[in-house]
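Protein chains in written order, with my numbering: chain A, 1 to 133; chain B, 134 to 312; chain C, 313 to 722.
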Amino acid sequence: MKFSMLPQVFAQMFKKPWTNKFPAKYQPSSTTKYLQDVQAGKAKINPTVETPPGFRGKIQYDREKCIGCKLCINVCPCEAIEFKPEEKKVKFYLARCCFCSQCNDVCPVKCISMSNEFLLADADKYSKDLIVE
Amino acid sequence: MSEGARLTPEEIIKSFKDIFKTDIKDDRIETHKAGSKKTQFTHIWMCIDRSAFKDAVKHLMKLEKYPHLAVVSGYDMGETINLVYHFSIYFSERGKELSLNITVELPKSEPEIETITDLIPGALITEQEKQEMLGIKVKGIPKDKRAFVSDDFPKGMYPWRKDETGPGKMVRNLHEVKE
Amino acid sequence: MSKKALSKTTYQIPIGPIHPALKEPVQFEFTIDGERIVDVDVSLGHVHRSIEWTGMHRNPIQVLYLAERICGICSYCHPMSFALAVERVAGIEVPERADYLRVIQGELERICSHVLWAGVAAHEIGFDSVLFFTWQIREEALDLTEYLTGNRVTKAITMIGGVRRDITPDMVPRVKKSLDFLKANFEKLRKIYLDDKTFKMRTQGCGVLTKENALKLCACGPTTRASGVKKDVRLDQPYFAFDNLDFDYVTPDVLTGEVNGDVYDRIIVRLLEVKQSIELIEQCLERMPEGPIVSEPKIPKLLATLKKVNGEGIGRMEAPRGEVIHYVKLTGQEFPYCWKVRAPTYNNILPWIPMLLGEQIADIPIVAASTDPCMSCTNRVAIVKDNNRSYLDKETLHKLSVEKTRRLMQ
Chain A
1 MKFSMLPQVF
11 AQMFKKPWTN
21 KFPAKYQPSS
31 TTKYLQDVQA
41 GKAKINPTVE
51 TPPGFRGKIQ
61 YDREKCIGCK
71 LCINVCPCEA
81 IEFKPEEKKV
91 KFYLARCCFC
101 SQCNDVCPVK
111 CISMSNEFLL
121 ADADKYSKDL
131 IVE
Chain B
134 MSEGARLTPE
144 EIIKSFKDIF
154 KTDIKDDRIE
164 THKAGSKKTQ
174 FTHIWMCIDR
184 SAFKDAVKHL
194 MKLEKYPHLA
204 VVSGYDMGET
214 INLVYHFSIY
224 FSERGKELSL
234 NITVELPKSE
244 PEIETITDLI
254 PGALITEQEK
264 QEMLGIKVKG
274 IPKDKRAFVS
284 DDFPKGMYPW
294 RKDETGPGKM
304 VRNLHEVKE
Chain C
313 MSKKALSKTT
323 YQIPIGPIHP
333 ALKEPVQFEF
343 TIDGERIVDV
353 DVSLGHVHRS
363 IEWTGMHRNP
373 IQVLYLAERI
383 CGICSYCHPM
393 SFALAVERVA
403 GIEVPERADY
413 LRVIQGELER
423 ICSHVLWAGV
433 AAHEIGFDSV
443 LFFTWQIREE
453 ALDLTEYLTG
463 NRVTKAITMI
473 GGVRRDITPD
483 MVPRVKKSLD
493 FLKANFEKLR
503 KIYLDDKTFK
513 MRTQGCGVLT
523 KENALKLCAC
533 GPTTRASGVK
543 KDVRLDQPYF
553 AFDNLDFDYV
563 TPDVLTGEVN
573 GDVYDRIIVR
583 LLEVKQSIEL
593 IEQCLERMPE
603 GPIVSEPKIP
613 KLLATLKKVN
623 GEGIGRMEAP
633 RGEVIHYVKL
643 TGQEFPYCWK
653 VRAPTYNNIL
663 PWIPMLLGEQ
673 IADIPIVAAS
683 TDPCMSCTNR
693 VAIVKDNNRS
703 YLDKETLHKL
713 SVEKTRRLMQ
């Protein structure tokens, strides 16, 4: 007999459920289009869970500051960064990125930073939202 | 648990050398410090001839009744295949454990070694793994079957070797960017 | 194998690799006589990923992140052991504050892992509400991890020579709030698992591993401590800051006074270790000195130093499941010459055979789960392409063991 669990189960019936709600009740066919609809006011979204400071989300790249030293390419464990020799700038493929932020640490001019966006799912590996340059 | 007195690292190496004389070469003691109290602990490294290896393990069991075999590492050095047996003895008391790493060199023309599962039954899986990854033969192993590699992997191919029997031809690069 | 007078014979049941009773893909073959198990044969290798081969073609910083993805629960211990091994080869000294920070992160991971295991064990017995309650508690520990490292599971906090992120004084109140929450709920967990009659009935006397077998088969971690063997890498060969902290081996006689080596003892050992981890984190927060957190902050200089090093070294750590050992051989090139990983479940598989003999079929899930197996640590080569496991028998190992490998460097 679950005597020891009964008080907890009983108490939980009157408390708020612990699960966080998903952004949308049913899954949309393209996340990025759904987000555009929300911004235009056409769809409602449940607010996302707060992320703490220092969360490692989508990469943001300041193109002007980059000097083309290629240190980030040397340390990336996933080979998600490609060098473009004619402009001496880099291109990030987020479909391969593992969000370790090692490129952020090693960059000498600090042109790479991590934002707190994490809703990045998409069906096409090379779509525009998943390439940062 | 150890029976009898605990020996210092120098005494351990001396006890091996007294029995096995020239079969032991390249021994060294490394001391490392831990924490801010700087407790010292030692790693002992030794290289033993393969003919003397099983007797050396029996001698080790006199120092510690049940030595703990962590794993057997192996690598391909071109002419030889080196196996490193990582033992540790004198556990159960704070700060007193010693790691003993024994290297055995096997020539590629005749890569055979005797099993130690009759002395330490826990060595079974790690010996099976060396057989399939490096292509050595362990004589007397109780269950000769592949531990990690699937049964339909080609028979003469050994993933950890760096020569022609390595898996170079089987590597597929799935991540190359297609523009 | 006894044959009774009514011509009962033994028959064989294969279970696995994909089966609802098991959380991990491993194949068992049982020889059954009636309801009792008479013989066991285990075969592994169903999720082999060729990580060691891949590691020999990447530089040490990249290998750190590869090592992290060996397993989701031990995602802290594998890169840390690799860093320990490389530091011992290259003679890099770690600053003192980094040592204490490493201990804090490690013990936090141990809390998350043991509480997860407690939920899984309850689920195997059939108590799903205990599973949800336990994982609710774990959410608080995971939120704390996210606050400290940036992510809940892949912490990415290891660096060769220290850690990557610091715990500044304004972060300490948040840490203390989480620890108080965990301490308050620990007492509830203890009452549910250790005082409940059904748990005792189901787990006492079941899946016994004698002390002699545990020593001979080189078992490690809570599995062997529950059988009375005092083996714990944090105390035997202290690393990080463990020789400054006050704690002792956790064996079941601390609580009950006797050692049986059954599943109930393993539950005791794991719950007591959760309490011990909370106390260790508090001790570290008090004793941590000021100072740098990494010995070489400039990464290109670190890589250049490692390129010139020649030698071999081992790094041993106490993961939540047992002893993790990494062996690294560097020969003055950009990539390590040899890298061997041995995860703790590797050694805890052979004890399944004496544990399962004589038990009933219905006890297989709880006995197998009581050693806390982690197959992704053990078979480090998996099919990551998609979740369709039927590729296991159709494809040849050509595609299985070298999936997603790297382009060979020039």
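Glycine included, every Cβ here is placed at the ideal spot set by N, Cα and C. Please read all numbers here as calculations on a predicted model, not as lab measurements.
- Straight-line measurement puts the Cα of E86(A) at about 46 Å from the Cα of E421(C).
- Counting along the chain, no beta strand (DSSP E) covers M290(B), and no H or E run does either.
- By the neighbour-count criterion, in which a residue is buried when 16 or more other Cβ atoms sit within 10 angstroms of its Cβ, R654(C) is buried.
- I222(B) is bridged by DSSP to L231(B).
- If you draw a straight line from the Cα of E163(B) to the Cα of V566(C), it comes to about 36 Å.
- Judged by beta-carbon spacing, V621(C) lies beyond the 9 Å limit of F394(C), meaning their Cβ atoms are not closer than that value.
- In the three-state DSSP reduction, M179(B) falls in the strand class (E or B).
- Shortest Cα-Cα distance from G623(C) to any of K503(C), P648(C), I637(C) involves P648(C).
- The segment 573-586 of chain C makes contact with the segment 519-538 of chain C; the number of CB pairs closer than 8 Å reaches 3 or more.
- Rounded to whole angstroms, P254(B) and T172(B) show a C-alpha spacing of 33 Å.
- Under the DSSP assignment, V606(C) falls outside any beta strand (DSSP E); it carries neither an H nor an E label.
- Excluding its 5 nearest sequence neighbours in each direction, L140(B) has C-beta neighbours in its own chain below 8 Å: S148, L196, listed in chain order.
- Counted as a single uninterrupted DSSP element, the alpha helix (DSSP H) harbouring G367(C) occupies residues 363-367.
- Judged by DSSP in its simplified three-state form, A631(C) adopts strand.
- Among the residues facing chain B, D351(C) is not included, as its CB has no counterpart in that chain under 9 Å away.
- Counting C-beta pairs closer than 8 Å gives three or more between the segment 21-35 of chain A and the segment 46-54 of chain A, which meets the contact rule.
- Beta-bridge annotation (DSSP): D209(B) is paired with I214(B).
- For the segment 51-118 of chain A, the continuous alpha helix (DSSP H) assignments of 4+ residues that do not extend past its boundaries occur at 71-75, 102-106, in sequence order.
- For L547(C), the nearest CB of chain B lies under 9 Å from its own CB, placing it at the interface with that chain.
- When Cβ pairs closer than 8 Å are counted between the two stretches, the segment 601-616 of chain C is seen not to touch the segment 554-563 of chain C, the count staying below three.
- Listed along chain C is no residue with a C-beta nearer than 9 Å to that of H192(B); the closest approach is about 18 Å.
- In this chain, the alpha helix (DSSP H) harbouring V586(C) covers 575-599.
- In this structure, A434(C) is the residue among I637(C), G569(C), K528(C), A434(C) with its C-alpha nearest to the C-alpha of I504(C).
- If you draw a straight line from the Cα of V415(C) to the Cα of P28(A), it is about 43 Å long.
- For R450(C), same chain residues with a beta-carbon under 7 Å away, outside a window of 5 residues either side, are C424, V427, L428 in chain order.
- C386(C) is positioned such that its CB atom lies closer than 9 Å to that of P656(C).
- For G289(B) and S362(C), the gap between their C-alpha atoms comes out near 17 Å.
- Taking C-beta atoms as the reference points, I214(B) and E238(B) count as a pair closer than 9 Å.
- Counting C-beta pairs closer than 8 Å gives fewer than three between the segment 435-449 of chain C and the segment 61-74 of chain A, which falls short of the contact rule.
- Of all C-beta pairs linking the segment 178-195 of chain B to the segment 227-241 of chain B, three or more are shorter than 8 Å, placing the two stretches in contact.
- Under the three-pair Cβ rule at 8 Å, the segment 143-158 of chain B counts as touching the segment 181-193 of chain B.
- Between the C-alpha atoms of K528(C) and G403(C) there is a straight-line separation of about 35 Å.
- Taking 9 Å as the CB threshold, P85(A) stays off the interface with chain C.
- For C650(C), there is no enclosing alpha helix (DSSP H); the enclosing beta strand (DSSP E) covers residues 650-654.
- Against N463(C), chain B offers no close residue; the least beta-carbon distance is about 22 Å (beta-carbon pairs closer than 7 Å).
- With respect to A526(C), P663(C) sits close: the two C-beta atoms are nearer than 9 Å.
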